[in-house]
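Colleague:
2 protein chains.
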Amino acid sequence: MKKTIFVFSALIISLLVLFKLGEYSFISGNTSIEIVISIVAIVFLGIGLYINRRKAQSVREPNHVDFKKVKTLGISDREYEVLIEIAKGLSNKEIGKKLHISESTIKTHVSNLLVKLNAKRRTQAIQIAKELSLIPQ
Amino acid sequence: MKKTIFVFSALIISLLVLFKLGEYSFISGNTSIEIVISIVAIVFLGIGLYINRRKAQSVREPNHVDFKKVKTLGISDREYEVLIEIAKGLSNKEIGKKLHISESTIKTHVSNLLVKLNAKRRTQAIQIAKELSLIPQ
DNA sequence: AAACCATTCATACTAAAGTACCAAAAAGCT
DNA sequence: AGCTTTTTGGTACTTTAGTATGAATGGTTT
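Just so you know, the protein sequences line up as chains A and B, in that order. Here our numbering is used: the first residue of the first sequence is 1, the next is one more, and so on. Here our numbering is used: the first residue of the second sequence is 1, the next is one more, and so on.
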């Protein structure tokens, strides 16, 4: 909402500035009309592209993660790290090597994660974590 | 690439048309300069927003599935069905019940899928399938 | 200091996943 | 009809995943 107001304000200000420029070129002869029109074109193309970026970012938003929800579910930092690696498709042994801890410890973390995510399997945990935006899609 | 060429062509044509309009208003007096500038502004804002839409759609694309790639990898219809259920987090037994076939058959399909997707585990298969847009994110 | 939590690790076990190999219907193609 | 691929299923086996339980360590809170 704030973004929309900002964009429209910028639009109105740009219009006013450009009309002033139009008047100016009107007074000082019509030799620079093309230049003014070019500036108008570039500026408004820029505004269009700016709105573009804003929208494109809002579309990507579901890709974002909700760390608050992670803590709400009582998932610890280490457990969260393990969750990320599970989602990448690594085995317990591989995760252990990556985080420099034993496979046994990974099993403990995974077991805790399954309880906290209310999942029966690691594949289900991945699905649930993505639905809850705990991990990027 | 084709889109980019199209957009730039549209830009150049618009510029030429607007310069012609500029000349016209120059001949018939300067009373309509503001109108010309307004048209330029609206047209280029529209172009910017058009590029917006194109980009926004390409961002949403990863949500789409590429059935051609599924066939390219030699994944059969039934195997693909199993892949979808794996990604939902179901166990082999659960998939068997859902598709009304034995767990043994699911194991066969999964084993074939892992070879075709070049994955070691079903979790990795999910990750790879999503990267290749075989299944929706 | 005592209590608490996160992290680590181990053992022993059960369950699920995955491999290998085979085989037989069923469906599709030429 | 003959061939090929798909789909189905089984057995036997290995590997990985997951559970249950207990325990040690270090950091934080009360």
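Note that CB positions come from ideal geometry on N, CA and C, so glycine has one too. Just so we're clear, the structure is a prediction, and the values are computed from it rather than from any experiment.
Counting only runs that start and end within the region 58 to 109 of chain B, where is the alpha helix (DSSP H) found for 4 or more residues in a row?
Modeller: Whole alpha helix (DSSP H) segments, 4+ residues: 67 to 72, 77 to 87 and 92 to 99.
Colleague: Does Arg60 (chain A) pass the burial test, meaning 16 or more other C-beta atoms within 10 Å, or should it be called exposed?
Modeller: Low local confidence applies: a pLDDT of 47 at Arg60 (chain A) is under 50, so the model's placement there is unreliable, with the coordinate-based value given in what follows. So Arg60 (chain A) counts as exposed.
Colleague: Can you tell me whether Ile42 (chain B) is buried or exposed, with buried defined as 16 or more other CB within 10 angstroms of its CB?
Modeller: With fewer than 16 other Cβ atoms within 10 Å, it is exposed.
Colleague: I'd like to know whether the C-beta atoms of Arg121 (chain A) and Gly89 (chain B) end up nearer to each other than 8 Å.
Modeller: A contact, by the Cβ cut-off of 8 Å.
Colleague: How is the alpha helix (DSSP H) around Ala119 (chain B) delimited, first residue to last?
Modeller: Element bounds for Ala119 (chain B): n/a, residue is neither H nor E.
Colleague: Can you check whether the CB of Asp77 (chain B) is closer than 8 Å to the CB of Ser133 (chain B)?
Modeller: Taking 8 Å as the Cβ cut-off, Ser133 (chain B) and Asp77 (chain B) do not qualify as a contacting pair.
Colleague: Do Ala119 (chain B) and Ile86 (chain B) have their C-beta atoms closer together than 8 Å?
Modeller: No. Outside cutoff.
Colleague: If Ile106 (chain B) sits next to Val70 (chain B), beta carbons under 8 Å apart, how far is it from one beta carbon to the other, in whole angstroms?
Modeller: Not confirmed; about 18 Å, so no contact.
Colleague: With 9 Å as the limit, tell me which residues of the region 114 to 137 of chain A have their beta carbon closer than that to any beta carbon of chain B; keep them in chain order.
Modeller: Under the 9 Å Cβ criterion, the region 114 to 137 of chain A contributes Ala119, Lys120, Arg121, Arg122, Thr123, Gln124, Ala125, Ile126, Gln127, Ile128, Lys130 and Gln137.
Colleague: For Asn63 (chain B), which residues in the same chain have their Cβ closer than 8 Å to its Cβ, ignoring the five residues on either side in sequence?
Modeller: Excluding sequence neighbours, Asn63 (chain B) sits near Pro136 and Gln137.
Colleague: In three-state terms, what does DSSP make of Ile135 (chain B)?
Modeller: Three-state DSSP puts Ile135 (chain B) in coil, outside helix and strand.
Colleague: From A:Ala129, A:Tyr80 and A:Leu113, pick the residue whose C-alpha is nearest to that of Leu99 (chain A); which is it?
Modeller: The shortest C-alpha separation from Leu99 (chain A) is found at A:Tyr80.
Colleague: Would you say Lys116 (chain A) and Gly74 (chain A) are within 8 Å of each other, going by their C-beta atoms?
Modeller: Yes, Cβ-Cβ distance for Lys116 (chain A) and Gly74 (chain A) is below 8 Å.
Colleague: I need the straight-line Cα distance from Ser104 (chain B) to Leu45 (chain A), nearest angstrom please.
Modeller: Taking the straight line joining both Cα atoms gives about 60 Å.
Colleague: Are there 16 or more other CB atoms within 10 angstroms of the CB of Thr123 (chain B), so buried, or fewer, so exposed?
Modeller: The residue is buried, with at least 16 neighbouring Cβ atoms inside 10 Å.
Colleague: Using the C-alpha atoms, what's the distance from Ser91 (chain B) back to Ile84 (chain B)?
Modeller: Rounded to whole angstroms, Ile84 (chain B) to Ser91 (chain B) spans 12 Å at the Cα level.
Colleague: What in chain B is Cβ-close to Lys88 (chain A), meaning under 9 Å?
Modeller: Ordered by position in chain B, the residues that pass the 9 Å Cβ test against Lys88 (chain A) are Thr123, Gln124 and Gln127.
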